[in-house]
Structures are given as structure tokens and as C-alpha cells.
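Trainee:
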Amino acid sequence: MKSKHALMAELWGLVQGLRIAWEAGIKRLLVEVDSLCVIQMISKQVIVPNEFYALVAAVRKLAGRNWQISIIHIYREANSAADFMANMVHSLHHGIYLFSSPPMGIYSIIAQDLFGVTQPRLIPV
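For what it's worth, the working numbering labels the leading residue of the sequence shown as 3, then goes sequentially.
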């Protein structure tokens, strides 16, 4: 399980991303999240701890608006572009950043995704 800080950051990013998408007038949205715990909290599969409740409630409220939205779980290996962006923010000042085009360094990740390049996943048995 991710740390509380990581889950808080994941939920905060999800809320902000949904708000931005709604304000941009997007009517159909697929959100891929690599945190199964976040998916379980949003879909009411687990009890939401108090420190996450307001953010989970905000996600549910945003998702319940008049638009087609799916929030699904994907494995971290399939989420390389988002992982790249998350690691990139460590060199930036706090805040929300909107990019009009992909930042340098992410093009190869996007190309690999377009060509169906897969990443191995080790699963302990």
C-alpha cells in the first residue's frame, strides 16, 4: 500500500484534474489511476479513512456531474507517462501546471505507448 502522503497526492491530483477537465468542457473522459487503493475508496469498496474523506467526496461529486467519466485502475508499468510527469514536478515550484504540448523527455514514452511496447511486471508468487 502507498504511504498516506502518496495517497493524498494521488487524490489531490485526481480532484484537480477532474476540475480542469470539467472547466475545459470535456464531456467524455477516461482516467487511468495506478493506485488500486484510490479506486477502492472512490468506488466504496473500502472504508475511507478520515484524512482522505473530503478528497474522495470531491472526486465522487465531480464524477457525478453531467458527463461520461470512467476512472479505472491500471498497473504502474502502463502509466509511464504519468509517472514521468509526477517525477518531473520535483524540479518545479509548487502549483498546478498546464502544458499546451508534452514536455521534452516524454515523447519516447508516448511513442512506446503508441507502438504497444510493454513493460515487464514481476509478481511474487
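Ideal Cβ placement from N, Cα and C applies to all residues, glycine included. Since the structure is predicted, the reported quantities are computational estimates derived from the model, not experimental observations.
Could you pull out every residue in the same chain whose Cβ sits closer than 7 Å to the Cβ of residue 18, ignoring the five residues on either side in sequence?
Mentor: Within the same chain, 98 come within 7 Å of residue 18 by CB-CB distance, once the 5 residues on both sides are set aside.
Trainee: Excluding five sequence neighbours on each side, which residues of the same chain lie with their C-beta closer than 6 Å to the C-beta of residue 78?
Mentor: 36
Trainee: Given a cut-off of 7 Å, decide if residue 73 and residue 33 are closer than it, judged by their beta-carbon atoms.
Mentor: yes
Trainee: Residue 61 lies in the alpha helix (DSSP H); which residues open and close that run?
Mentor: 52–65
Trainee: By DSSP, does residue 37 sit in helix, in strand, or in coil?
Mentor: coil
Trainee: Are three or more beta carbon pairs between the stretch 5–18 and the stretch 50–69 nearer than 8 Å?
Mentor: yes
Trainee: For the pair the stretch 104–112 and the stretch 84–91, tell me if three or more CB-CB distances fall below 8 Å.
Mentor: yes
Trainee: Please list the terminal residues of the continuous beta strand (DSSP E) segment that includes residue 75.
Mentor: 70–75
Trainee: Short check: CB of residue 21 to CB of residue 70, under 7 Å?
Mentor: no
Trainee: Should residue 40 be labelled buried (16 or more other beta-carbon atoms within 10 Å of its own) or exposed?
Mentor: buried
Trainee: Quick check on DSSP: helix, strand or coil for residue 31?
Mentor: strand
Trainee: Span of the alpha helix (DSSP H) holding residue 21?
Mentor: Start and end: 6–25.
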